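Report on one structure; see the data block that follows.
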């Protein structure tokens, strides 16, 4: 059974984009996820940071390479999860770390603005040409008034 899980966090550093010997793009990034809770006196307290190592492949890897340290992202990860415990160097307290492979990564819009742009699709091959490509539509009205005139005719 395959499962996925989604989490939000901040990039600890800019993603590292590399290519395998066969030319496949792979990007690695570390996402810090914090939990927050409200205390009895109404103050917010941050819990420990869980660092999640995210690996992205192919086109997704090339797209996440434009992200920067501190960007808040939402990651949809698939079921090849691995985890381990270690002692945090700064505090020598037990800590945990996860590794996941991303299905998708999105910029969180809660605290930032982003502009979406689409990657153009590859052109059709000769044997798959669209017979309607380049055809001009006929009887297309230029204005809303022209639509009314066409309906009345």
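Numbering (UniProt numbering), first residue to last: 1 to 153. Virtual Cβ for every residue (Gly too), placed ideally from N, Cα, C. Treat the numbers as computed from the prediction; the structure is a model and nothing was measured.
Helix or strand or just coil, what does DSSP make of residue 127?
Stepping through the chain shown from its first residue, residue 127 is reached at position 127. Low confidence applies here, because residue 127 scores a pLDDT of 48, under 50, leaving its location unreliable; read the following figure in that light. Helix at residue 127.
Report the option in 105, 115, 99 whose CA atom is closest to the CA atom of residue 51.
Within the chain shown, numbered from 1, the residue matching residue 51 stands at position 51. For residue 51, the nearest C-alpha among the options comes from 99.
Alpha carbon to alpha carbon, how far is residue 35 from residue 45? Give it in angstroms, no decimals.
Within the chain shown, residue 45 is the residue found at index 45, counting from 1. Within the chain shown, residue 35 is the residue found at index 35, counting from 1. One C-alpha to the other measures close to 9 Å.
To the nearest angstrom, how far is the alpha carbon of residue 28 from that of residue 3?
The residue labelled residue 28 in the question sits at position 28 within the chain shown. The residue labelled residue 3 in the question sits at position 3 within the chain shown. Cα to Cα, the separation comes out at about 21 Å.
In chain order, what residues of the same chain lie with their CB nearer than 7 Å to the CB of residue 5, ignoring the 5 residues before and after it?
Numbered from its first residue, the chain shown carries residue 5 at position 5. The residues are 77.
Note down the Cα distance separating residue 108 from residue 74, rounded to an integer number of angstroms.
Stepping through the chain shown from its first residue, residue 108 is reached at position 108. Stepping through the chain shown from its first residue, residue 74 is reached at position 74. Those two C-alpha atoms are separated by around 6 Å.
Are there 16 or more other CB atoms within 10 angstroms of the CB of residue 9, so buried, or fewer, so exposed?
In the chain shown, the residue the question calls residue 9 occupies position 9. When all chains shown are included, residue 9 counts as buried.
Tell me whether residue 154 sits in a helix, a strand or coil according to DSSP, three-state version.
The structure shown does not extend to residue 154, since the chain is modelled only from 1 through 153, so no value can be given for it.
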